[in-house]
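Trainee:
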Amino acid sequence: MNAAKRVLSPSKVENLPAQGKRYKKQIDLDTQTPPQPQEQENYDFLLDDDEDFDVSALDAAVSANPRLELSGWQRCVVRHVERLPKTHDLLLELSGEEEEAGKAVCHLQAPWNQTPIQTGDLLSLQAHWQPTLAAYAINKEHGYCVIHPDLLISSTSVTGSLFCRRKAVLQDRFRGVDSANAVMIIGTLVHELLQTVLAQRLRRKPQIEDALQGMLHSAQLAQQLYAAQLSRAEIELQLHKFVEPIVAFIAQYLEGESPAVQLPETFAGRIEQIQDIEENLWVPQMGLKGKVDVSVRVRNKKHPIPLELKTGRASFSMEHKGQLLLYQLMHSALGQETRSGLLLYLREGIMREVREGRNEQRDLILLRNELAHYLTRDAQLPATGQESVSLSLPEQPGKLLQPFELPEPISHHSACGNCAYATLCCSFASTDPQLELSESHPLRRLMPQVLSHLGQPDNEYVLHWCGLLALEEQQARQSHQLRSLWTETPARRQQQGRAIHQLELPTGHKARFQDGRFEHKLVLSAQADKDFNLNLSGFELGEYVTVSCTSRLAIAAGYITRLETRSLCVQLERDLGQRYTDESFIVDKHESQSFASFNYTNLALLLEASEKSAELRSIVVARTPPKQHKVVPRIIGSKGGPMLRPLNKVQQLAALRALTTSTHLLIKGLPGTGKTQTLVAIVRLLHLMERSVLITAQTHSAVDNLLLRLLPHNLPMLRLGNSARIHPQLLAISEAELTSNCETVDQLTQVLHKPSIVGVTCLGAGHALFQQRHFDYCIVDEATQVLQPTVLRALSHCTRFILVGDPEQLPPLVRSREARQRGADETLFQRLDCEEATAVLTLQYRMNRSITRLANELTYGQALQCASKQVENARLQLELISNSNSAWVQRALQTHLEQAVLLLDTSDCSQRCLDYAAASKQLGQTGDSIEQHYGEDRIVPTTARSRRPPKYTNYCEAAIVMHLLHQLLAAGYDARRIGVIAPYRAQVELLRQLGKDLNGVEFNTVDQYQGRDKNLIIYSCTKTGSSTDSAERSREAEILEDQRRLTVAITRAKHKLILLGDVSCLQRYTPFQRLFKHIPDRCRLHLADGRMGFSWQTLLDELNHAKRGD
């Protein structure tokens, strides 16, 4: 059989370096081997009603030679789909993900023939060979068809959708609308108690009661109760009611004691071993994931079986049984044949065996497919790409174009009325032009009740942003990151900077249990590359990662707490040593869906009927400008002088407007104008007025930057968030440190509510603290880098807010080009920017007059002004040794004020880079690896790379940069005052590797330099030559056509700015064309062999020698 390109299954064989993307052969539900089609075959089925021969059907039958094996799980791409008129089967012509991997034909028969499938769709199939069709078939009795298998839907979501599909789809997207309640918390705690009892092998009632007391007095429980706004007393009695049932369960099923009364149909066997607790399952063959409460070994079963715990009434509903049925399927797909499971209703002491059922399992997969269909539909948006196009449908007043399709609502009066998603559901239903509800439908009566506070603009704003977020989801689905866990080898993922493999637990290692998580140390094995350095792996402290092993995908997840050259520490939710001691581990970057859910949920909260949501709609949707009070609080006049005095007049006015605004203020901080200093003064003044302040931003570094500036003033501050992502100097005020001794809700409340100044990222504004605290002010720093929906959560927890940023600098990260074209990168700052709402800081303290002039010409008009003569006339302080430097170096590093901006033109050096990479094997391989690891395309076929120069690295520019840096340092210039910027991560990484001995010099991307500066900046533009590939040109334009990114780059320099690049190439991009118009000839230097002592060969030889000297 030809080697087909299949999914990489979580098997020991697969997660080792493999030849291609494959599933290992899994256990077939149909054990018959499909016969090969015979040369003499019955083709009667190809005849239509008129006895005419269907040639196209013959072609399909002839090509049905099952080179692509479907009797085991197989990933396929649909090349053609049609519905057969007589049987209504869906006839699928399939191939591997690469057509040369093989082809097959498969009939989807009832009930699978209603599956929504289109040409180009990716499927995961397990089919049954039917000789009469000379093709594979999936029908009631045999096989499974899984659409969009790379979307892993939880088994809980699938079974939860049995009652209402619409709620399930809304719940998946708008996760967080329904908050935790006492019943859910008690259920969670009972699960934890039973799992603790089983893990620690507790058998007697006193032991179990002690375990319960330990849980009740733990800091972890205090956190959970605080989040749910419950007290220990409210749940303690309820938890004690489960002690006796747990004792009885242990006695009967683990100790083998006979019960006083054996209820009919209850499981009569015995649990011989606890195999696993909270076993994590990712099964891409079936597009499913799940977490098994307990995996147990019972007598007469070859493999462990799942045990599902329920704390409510014993209903044995399909929603409960369905989870076990799906776990059975998942285990079997992973090679662990499982035909039953145990369903335990602990409160009533009833446990039954749930046996596999083909019909039920088939219907659950069909239901999973239905959910996948709704969750992967392309966003429906107006035909034009213009942001201003309305979603309104003139021919249907009150109706709006829906961003995504939803299942029809159920008709259930009490369920709809009590549903947490009622407002959201009704908002979509009321504006959906395709939905027709009967007069008696419960939503007819419910809509006026839950939507009366909303207007058409409110609905349109939310639907518009839902569409933009859906476009981002589409873009994310096209990414290889998540599916690479099962379609790429660990070695390949590591090469691309997405994984670290060949990790193992040290001999004798024991996990350290702290705050409900297990901290493990993982070290590189003896088989790992000796030169591989984890500090250069692309992973960061505090990063959330997925841990797999060679026998199973995604066995755990957690945070990196330490990174060393050959080892790392991770905090995980499970102890790897219990089951995976001898395994080899892989750590992968985690592609979180929480950011999308957070944004969707924020939009849903905007629709609420609360007073605060109404005020936010007035500001955000209606753009109501603020009113300015003219009277400054008296205390500012008497005690605020020392805080205002260090500010200039423009900054003082902005600060006073912030204190007297009715609802909000925007502070437009142009480069170098001291916005952080202004914010420090505002926070101090608000503290003087006894106002509480929430400080937030998109990034941890931006939040920490402001808190660090406030630290010397001894203000009562709290920093929320993961300690690994917090600046070391702020750990003393971190949540983890301040709450480390809290064992009760009261203690936790006192600690969390005492500081009047709280810092957290925008994404962290979902913290439980904000359910109980309201702030007088919210300050959003770098607000022009935050998506509109992202910032709404923080704003909903305050009375007034201040947005701070510069719309002319870096925008929010939006990966979808179409979403950007439709306005996704328009921030709330830009939406609300108007004269009544905005204070502009124009006096800058960073750039001298030459650099300021260039920034004004490119972007700011004449708005930027030097704050003083000292700033205006500042120049590079450098004395070069004239004898030891070429004339071109002397010119490039000229300190004259009028030469503060210099453009070094390399001309087209693409062929020179290509020749150099070929001649310098070691450096060429390094650059090749960097292109794969950091290149914007990420995956570049080797054959393609060998035919053309690198796109995102430039050896020639790197040689010039290194030469200039060595001359600067040789002249005694302080390395800490030098910054090297490049637009691409790949070029930055190349420069870092070449300059790793140049301690103090900082190499970084434009994005990482936002908000910071250096005395001297070298900007390596990188791009050279011409590109005939329109797709490639389009990708480059994403960065090089972004004027805001170029603005940031040129405004980082205080005294000297050196622009390095191929001018003729860069002029094809509008921002560079505009920039170069304002750089006079006297500030340009064309680099060519023999001119002013310049020599390409000399520079490239230096580069080669430097690399060989490592």
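In the numbering used here, the protein residues as written are 45 to 1154.
C-beta atoms are modelled at their ideal positions from N, C-alpha and C, and glycine is treated no differently.
When burial is assigned at 16 or more other CB atoms within 10 Å of the CB, is residue 4 buried or exposed?
Mentor: Past the edges of the chain, shown from 45 to 1154, lies residue 4, and the structure says nothing about it.
Trainee: Just the C-alpha distance for residue 647 and residue 510, rounded to the nearest angstrom, thanks.
Mentor: So the two alpha carbons sit approximately 8 angstroms from each other.
Trainee: So is residue 458 buried or exposed if we call it buried at 16+ other beta carbons inside 10 Å?
Mentor: Exposed, because fewer than 16 other Cβ atoms sit within 10 Å of the Cβ of residue 458.
Trainee: What three-state label does DSSP hand residue 891 in the structure shown?
Mentor: In the structure shown, residue 891 sits in coil (DSSP, three-state: anything other than H, G, I, E or B).
Trainee: Could you round the C-beta distance between residue 334 and residue 198 to whole angstroms and report it? I think they count as a contact, below 8 angstroms.
Mentor: Contact holds; Cβ gap of about 6 angstroms.
Trainee: For residue 1024 and residue 1107, I'd like the C-alpha separation in whole angstroms.
Mentor: Using only the alpha carbons, I get a separation of about 19 angstroms.
Trainee: With a threshold of 16 other CB atoms inside 10 Å of the CB of residue 228, please say whether the residue is buried or exposed.
Mentor: With fewer than 16 other Cβ atoms within 10 Å, it is exposed.
Trainee: DSSP state of residue 1028, grouped into three classes?
Mentor: The answer is coil: DSSP assigns residue 1028 none of H, G, I, E or B.
Trainee: Let's test the definition: count the other Cβ atoms within 10 Å of the Cβ of residue 983 and tell me whether it reaches 16, buried, or not, exposed.
Mentor: Because the pLDDT of residue 983 is 41, which lies under 50, any placement of that residue in the model is unreliable, and the question is left without a value.
Trainee: Tell me the DSSP secondary structure of residue 184 in three-state form.
Mentor: Of the three classes helix, strand and coil, the one that applies to residue 184 here is coil, per DSSP.
Trainee: Out of curiosity, what's the CA-to-CA distance linking residue 393 and residue 386?
Mentor: Looking at the two C-alpha atoms, the distance is approximately 13 angstroms.
Trainee: Could you tell me which of 201, 1041, 768, 1084 sits nearest to residue 1049, measuring between CA atoms?
Mentor: Nearest option by C-alpha distance: 1084.
Trainee: From this set, 325, 784, 360, 727, which residue's C-alpha is nearest residue 756's C-alpha?
Mentor: It is 727.
Trainee: Could you tell me the alpha carbon to alpha carbon distance between residue 501 and residue 665, rounded to whole angstroms?
Mentor: Those two C-alpha atoms are separated by around 7 angstroms.
Trainee: Look up residue 674 in the DSSP assignment and say whether it is helix, strand or coil.
Mentor: Residue 674 falls in the coil class under three-state DSSP.
Trainee: Does DSSP put residue 335 in a helix, a strand or coil?
Mentor: Strand at residue 335.
Trainee: Assuming residue 273 contacts residue 888 under a Cβ cut-off of 8 angstroms, what Cβ separation, rounded to an integer in Å, is found between them?
Mentor: That belief does not hold up - the Cβ atoms of residue 273 and residue 888 are roughly 47 angstroms apart, past 8 angstroms.
Trainee: Could you give the residue range of the beta strand (DSSP E) that holds residue 593?
Mentor: 588–593 is the span of the beta strand (DSSP E), which, as asked, contains residue 593.
Trainee: Closer than 6 angstroms to a non-hydrogen atom of the ligand SAM - does that hold for the CB of residue 679?
Mentor: No copy of the ligand SAM appears in this structure; indeed no ligand is present at all.
Trainee: Rounding to the nearest angstrom, what Cα-Cα distance links residue 117 and residue 653 in this structure?
Mentor: Each residue's alpha carbon lies about 49 angstroms from the other.
Trainee: Does the region 776–783 come into contact with the region 587–606, if we say contact requires no fewer than three beta-carbon pairs (one atom in each stretch) closer than 8 angstroms?
Mentor: The answer is no - the region 587–606 does not touch the region 776–783, with fewer than three Cβ pairs under 8 angstroms.
Trainee: Which partner residues does residue 544 have in the DSSP bridge list?
Mentor: DSSP output for residue 544 lists 631 as bridge partner(s).
Trainee: Taking its Cβ as the centre, do 16 or more other Cβ atoms sit within 10 Å of residue 557, making it buried, or is it exposed?
Mentor: It counts as exposed.
Trainee: Leaving out the 5 sequence neighbours to the left and right, which residues in its chain are closer than 7 angstroms to residue 830 when beta-carbon positions are compared?
Mentor: So the list reads 742, 806, 824, 856, 871, once near-sequence residues are dropped.
Trainee: Taking a contact to mean a Cβ-Cβ separation below 7 angstroms, would you say residue 135 touches residue 128 in this structure?
Mentor: Yes, they are a contact pair.
Trainee: State the beta-bridge partners of residue 150 as determined by DSSP.
Mentor: In the DSSP output, where bridge partners are listed per residue, residue 150 has 136, 180.
Trainee: Under a CB-based cut-off of 7 angstroms, is residue 790 close to chain D?
Mentor: No chain D is present in this structure, which holds just one protein chain.
Trainee: Just to confirm the assignment: which complete beta strand (DSSP E) runs, minimum length 3, are found wholly within the region 778–845?
Mentor: Qualifying beta strand (DSSP E) stretches, in chain order: 801–805, 819–824.
Trainee: Between which two residues does the beta strand (DSSP E) carrying residue 509 extend?
Mentor: From DSSP, residue 509 is part of no beta strand (DSSP E) but of the alpha helix (DSSP H) over 500–522.
Trainee: Name the DSSP beta bridge partners of residue 384, please?
Mentor: BP columns for residue 384 point to 399.
Trainee: Going by DSSP, what residues sit across from residue 740 in a beta bridge?
Mentor: 804, 824.
Trainee: Are three or more beta carbon pairs between the region 865–883 and the region 710–721 nearer than 8 angstroms?
Mentor: In short, these stretches touch, since the Cβ pair count reaches three.
Trainee: Out of curiosity, what's the CA-to-CA distance linking residue 328 and residue 164?
Mentor: Each residue's Cα considered, the two are about 18 angstroms apart.
Trainee: So for residue 7, helix, strand or coil by DSSP?
Mentor: Residue 7 lies beyond the range of the chain shown here (45 to 1154); nothing can be said about it.
Trainee: Which residues bound the alpha helix (DSSP H) around residue 1100?
Mentor: Run containing residue 1100: none in the alpha helix (DSSP H); it sits in the beta strand (DSSP E), 1097–1105.
Trainee: Which residue or residues does DSSP assign as beta-bridge partners of residue 324?
Mentor: According to DSSP, which records beta bridges pairwise, residue 324 is partnered with 335.
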